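Engineer: In the numbering used here, the protein residues as written are 1429 to 1815. Beta carbons: idealized from backbone N, C-alpha and C, even for Gly. A quick note: this is a predicted structure, and the numbers were derived from the prediction, not measured. Please see the structure below; I have some questions.
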């Protein structure tokens, strides 16, 4: 009678996905093949027996976004009858511990702008050559572009490749050692969909891979932005000096496409990169060439690294106008890894509009000539963009 091989079946919690050919390395010589299908791996022995204690098998599987609610792994051994196991066991699985990642960017439907990811790896990179893979919310209509990539703390531009709608973007740094516990920030151009993603799908993923293209850290459950629409656009940022430890005038330019009704917004906020300090003189805050309807006697307030412009909720914000928001800051000694400025338009605590801008660094020339935005009336008051 022909003796059958022994079959070992490993079943992971729901959400794990085994590779089609699921052997990891090193391969256990007792088995001839490993076949993966969803959360089940089926291994077949070379000999018609499986003997020994403490047998170790390395398998390839993709982790789920979060720890499964029923987090148990099972193994079953079959011999002659593949419908009845001869051995079975169950063990509690491991917790999914993704690295810390935050995401910020533009929250307007159908708009293209930079989105920024700040991550803190749990594990250091094995080598200085690394890949970063950004996964958009599934089947939600986002598209990622390499154009406009912001390396920020990485300094150097990486090799970048992107695909179509709903597809991943991949960057490769050939000299960017990552240290566990340190934070890193980068930005990519994101084209938002015309319809908001469902709550169930509104999450991003960032995966870190080594030179062998094996993942050494990841977070696949990064909360996305709640997308909406309001008649606001942010065009850019300008400055008079990027030198360290000097007083600089900064300008953020916005356009209101059409009139925003009174009470729709209560204030604007501008958050500076860590280390940049706002001048305490709120009289230095100016909006040119058009004026926003601010509260008399309480036009602007400063709280830490954030400047607030307090709107008169009984007045409309006039449309078809450019507003150059100018203010003074003291530049830091060194610019942070997350060198970004965040502009929000708020209604009480709700964010109606968000936009994030890459900050300036030493030696960089402002794309706007701020000397041309010195009057409060007339078209000549608009800042000139030099790029």
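1) Between residue 1652 and residue 1631, how many whole angstroms is the CB-CB distance? I'm expecting something under 8 Å.
2) When DSSP labels each residue in this structure, what does residue 1798 get in the three-state scheme?
3) Please state the DSSP three-state secondary structure of residue 1812.
4) Which residues share a DSSP beta bridge with residue 1489?
5) So, helix, strand or coil for residue 1805, using DSSP?
6) Smallest Cα separation from residue 1514: which of 1475, 1491, 1542 and 1437?
7) Considering only DSSP beta bridges, list what residue 1635 is partnered with.
8) So, for residue 1583: in the same chain, excluding its five sequence neighbours on each side, which residues have a beta-carbon less than 8 Å away from its beta-carbon?
9) Examine the ligand ZN and report whether any of its heavy atoms sits within less than 7 Å of the Cβ of residue 1663.
10) So what does DSSP say about residue 1440, is it helix, strand or coil?
11) For residue 1887, which of helix, strand or coil comes out of DSSP?
12) If you draw a straight line from the alpha carbon of residue 1694 to that of residue 1658, how long is it in whole angstroms?
13) What first and last residue would you give for the beta strand (DSSP E) that runs through residue 1738?
14) Name, in chain order, the residues that DSSP records as bridge partners for residue 1528.
15) When the distance is taken between beta carbons, is residue 1733 closer than 8 Å to residue 1704?
16) Going by C-alpha to C-alpha distance, which of 1581, 1619, 1559 and 1603 sits closest to residue 1592?
17) Quick check on this structure: which residue in 1708, 1746, 1483 and 1602 has the alpha carbon closest to the alpha carbon of residue 1675?
18) Out of curiosity, what's the CA-to-CA distance linking residue 1485 and residue 1558?
19) Got a sec? Which residues, its chain only, sit under 6 Å from residue 1775 by beta carbon, not counting five neighbours each side?
20) Report all residues from its chain with a CB closer than 6 Å to the CB of residue 1553; omit the five preceding and five following residues, and keep chain order.
21) Ordered along the chain, which non-local residues of its own chain (more than five positions away) have a Cβ less than 6 Å from that of residue 1599?
22) With respect to the beta strand (DSSP E) encompassing residue 1778, which residues constitute its N-terminal and C-terminal limits?
23) Is it true that the CB of residue 1771 sits closer than 8 Å to the CB of residue 1662?
24) Hey, how far is the Cα of residue 1532 from the Cα of residue 1648?
25) Let's see if you can read the secondary structure: which residues bound the beta strand (DSSP E) around residue 1612?
26) Give the straight-line distance between the Cα atoms of residue 1727 and residue 1687, rounded to the nearest whole angstrom.
27) Which residue from 1459, 1566, 1743 and 1496 puts its Cα closest to that of residue 1476?
28) Are the Cβ atoms of residue 1624 and residue 1655 separated by less than 8 Å?
29) Considering only the alpha carbon of each residue, which of 1471, 1511 and 1448 lies closest to residue 1490?
Structural biologist: So, from the data block:
1) 6 Å
2) Secondary structure at residue 1798: helix, using DSSP grouped into helix, strand and coil.
3) Low confidence applies here, because residue 1812 scores a pLDDT of 43, under 50, leaving its location unreliable; read the following figure in that light. Correct three-state label for residue 1812: strand.
4) 1446
5) Legend: pLDDT at residue 1805 = 33, less than 50; position of this residue unreliable, no value from coordinates given.
6) 1437
7) 1561 and 1646
8) none
9) Only the bare structure without any ligand can be found here, which leaves the ligand ZN out of the picture.
10) coil
11) Nothing about residue 1887 can be reported from this structure: the residues present for the chain run from 1429 to 1815 only.
12) 14 Å
13) First-last of the beta strand (DSSP E) with residue 1738: 1734 to 1738.
14) According to DSSP, which records beta bridges pairwise, residue 1528 is partnered with 1548.
15) Yes, the Cβ-Cβ distance between residue 1704 and residue 1733 is below 8 Å.
16) Of 1581, 1619, 1559 and 1603, the smallest CA-CA separation from residue 1592 is found for 1619.
17) 1708
18) The straight-line gap from Cα to Cα measures roughly 27 Å.
19) 1693 and 1694
20) Contacts found: 1605 and 1606.
21) Answer for residue 1599: 1560, 1586 and 1588, listed in chain order.
22) 1778 to 1786
23) yes
24) 16 Å
25) In the DSSP assignment, residue 1612 falls within the beta strand (DSSP E) that extends over 1612 to 1619.
26) Looking at the two C-alpha atoms, the distance is approximately 20 Å.
27) 1459
28) yes
29) 1448
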